[in-house]
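All residue numbers for the sequence shown refer to our numbering, where the first residue is -9 and numbers rise by one.
Read the structure below first, then the notes.
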Amino acid sequence: MRRPTRRDFLQAAGATGATLIAPQLLQVPRAQAAAAARPNLVFFLGEGARWDESSLAGNKVLRTPHIDRIGREGAVFPEAFCVNSLCLPSRATILSGLYSHTTGAVDNQHSKLPERFPIVTDLIRARGYEIAFIGKSHVQGALMDRYWDYYFGFAGQADYQCPVVVEGANGKFGAPRSYHEYVDDLLTRKALAWLSQKHHAPFCLFLWFYAPHAPFDRPLRMVNDFNGVPIPKPVSFDEYLTGYAGKPRGVIEARNKIGTQFLQRDDPRSLEELVKDHYCGIESNDENIGQVLRALDSQGILDNTAIVWSSDHGFFLGEHRFYDKRLMYEPSIRIPLMIRYPPRVAGGASSNRMALNLDLAPTLLDLVGAALPAHLQGQSLMRLLANPNVRWRTDWLYEYYEYPGNEEVRPCRGVRTERYKYIHYFTEPQEFELYDLKEDAEELHNLHGDPSHAPLGRQLAARLEELRHETGDQYAYQPTVLLKQEVTAGECNDR
């Protein structure tokens, strides 16, 4: 079946009554919405949480009983990925179900979701839900151009100990206010308060954490956590000692390397510092998730609430001596993804098919029983859980555009299949990487330029162009104009 192109989508956006819902129709009285039984919905989003950062995923250092519970009593997608490993573009994809090249939300600097693109919560509200957003959105305007029954959020960076947050209700927003409270504990406290209120319709809560975004501050209760715990060095950590032999300049010149001090406070000084701080952030996420699960359980509504746990992107923890994300290597693009909802998801379910953050919007809509607009570029993961043999993707398109930038990661596009990965750094000088993930899971041996793999390289290069066509990719890269990244702080209030 032919997938809609970007041109198809934009034409539909300009037509009346086509695949988009006009903004004024998103605020219809809830009494007019469908009255069928619908679950509540809670969507937890991590900030750079990795697919392997849970006890359930086999991590021997972390303790994540509440994340584990979601996966143990629900479904796990161990082969889940983001299609652009950067905060704002990924979050825009999660909200819209669309690629960065479709929405134009291509970097962290000055991107927003145009109003002509409905976001998933707009569509859930049209289904008759009360909707709340709490946490970091990162998109320009911090989602305050959308209607929320309750809102407590900020755009991008936050001060961990003295965050500045905007609160709002019923589509209206107050002035920014500072709080003297650890940011994710504050977000969770506000979420618990909203959940405890009387709701006249099923609710949808997005609780999007900030930890462990760099520069990271631990919660005070965790300042000594992991003291004395050995952190193993990744197999690929010492690749830099060879000068990244066989790798392109796009890898060699990237600045997101441990100990380089290019970005001053944002730079981890050692592998141990990086990993232990990141693990504290994940365990903080787990604690706060546990509070919400207990609150839902105490109200007797946990099993009537669909719970989703995922992340905006992965994160390097020393692989190839990197931290941060952006590059198309596995630690950067793989994300955790779990769904718990007993009426439709069997406990202990799993699918090894490739899931994408593009699939989150259609999955959330499926969970609440809403129709899936034709323009969405992902698929509902509920289809995989209902029928493991359903026709599904066997490859997908990756894109990254923020360059030049602080980390100096060159823009690229790539194709990821179930076995191979092909990366094209498309600015001059053009460079390429090719990996056989079955034989080289650590992505140490670039096969591009090897005559024996030339036919495979040509095949994947052709497939990359096909995927661009199939997804309507007509985006013309423009060099990034860096904006000053500021963390707003002020006089902290006690509450």
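Built from N, CA and C at the ideal position, the CB exists for glycine as well.
It should be emphasised that the depicted structure is a prediction, and the values quoted were computed from it without experimental measurement.
Could you spell out where the beta strand (DSSP E) holding T407 opens and where it closes? 402 to 407
With a CB to CB cut of under 7 Å and the five nearest residues on each side skipped, what residues in its chain are close to A95? L78, P79, A82, S101, K102, L103, V129
DSSP state of D440, grouped into three classes? coil
Where A452 falls: helix, strand or coil (DSSP): helix
Could you compute how far the alpha carbon of L191 sits from the alpha carbon of D112? The residue you asked about is not Leu; residue 191 is Ala in the sequence shown. Roughly 15 Å between the two C-alpha positions.
Proximity winner among V156, D58, L31, G38, relative to R117 (alpha-carbon distances): L31
Mind checking whether S45 and I57 have CB atoms under 9 Å apart? yes
Between the Cα of K315 and those of S75, N275, Y425, Y391, spot the shortest distance and give me the residue it belongs to. S75
Would you call the CB atoms of D139 and I124 closer than 9 Å? no
Got a sec? Which residues, its chain only, sit under 8 Å from Y141 by beta carbon, not counting five neighbours each side? A122, F123, I124, L133, M134, V156, E157, G158, A159, F163
What are the partner residues of H56, as DSSP defines its beta bridges? Answer is none; H56 lacks a bridge partner.
Evaluate the contact criterion for the stretch 47 to 57 versus the stretch 348 to 368: three or more CB pairs, one atom per stretch, below 8 Å. no
Starting from the Cα of I272, find the closest Cα among F206, L317, P333, L231 and give me that residue. F206
Are the C-beta atoms of G87 and some chain D residue less than 9 Å apart? Chain labels in this structure do not include chain D; a single protein chain is all it has.
Three-state class that DSSP yields for H170 in the structure shown: coil
Taking just the CA atoms, how far does H203 sit from C152? 15 Å
What is the DSSP secondary structure of S370, counted as helix, strand or coil? coil
Name the two residues that bound the continuous alpha helix (DSSP H) containing C270. 261 to 288
Taking the alpha-carbon positions, what's the Y465 to H459 distance? 11 Å
Between M318 and Y393, what straight-line distance do the alpha-carbon atoms span, to the nearest angstrom? 15 Å
Please classify P352: is it buried, with 16 or more other beta-carbons within 10 angstroms of its beta-carbon, or exposed? buried
To which residues of the same chain is I413 closer than 7 Å at the C-beta, ignoring the five residues directly before and after it? M318, C402, G404, F422, E423
At what residues does the beta strand (DSSP E) containing D426 begin and finish? 421 to 426
Going by beta carbon distance, what residues of the same chain come within less than 6 Å of P166, once the five residues before and after it are set aside? V154, V156
For C270 and E408, I'd like the C-alpha separation in whole angstroms. 32 Å
Can you give me the Cβ contacts of R40 inside the same chain, cut-off strictly under 6 Å, excluding the 5 residues immediately before and after it? G304, F305
Closest Cα partner of D215 within the set R62, Q147, H268: H268
Please determine, among I109, N342, T461, G462, the residue with the shortest C-alpha to C-alpha distance to F71. N342
For the alpha helix (DSSP H) holding A351, just list the boundary residues, first then last. 350 to 357
Look up C194 in the DSSP assignment and give the residues it is bridged to. L31, I121
Who are the near neighbours of H310 in its chain, counting only those whose CB is closer than 6 Å to its CB and skipping five residues on each side? S226, E229
What is the residue span of the beta strand (DSSP E) that L327 lies within? 327 to 330
Leaving out five residues on either side along the sequence, give the residues of the same chain with a beta carbon under 8 Å from the beta carbon of T(-5). Below a pLDDT of 50, predicted positions are generally treated as unreliable, and T(-5), at 46, falls in that range; no measurement from the model is reported.
Please report the residue range of the alpha helix (DSSP H) in which S80 lies. 77 to 86
Between Q420, A452, E37, which has its C-alpha nearest V241's C-alpha? Q420
Three-state secondary structure assigned by DSSP to H414: strand
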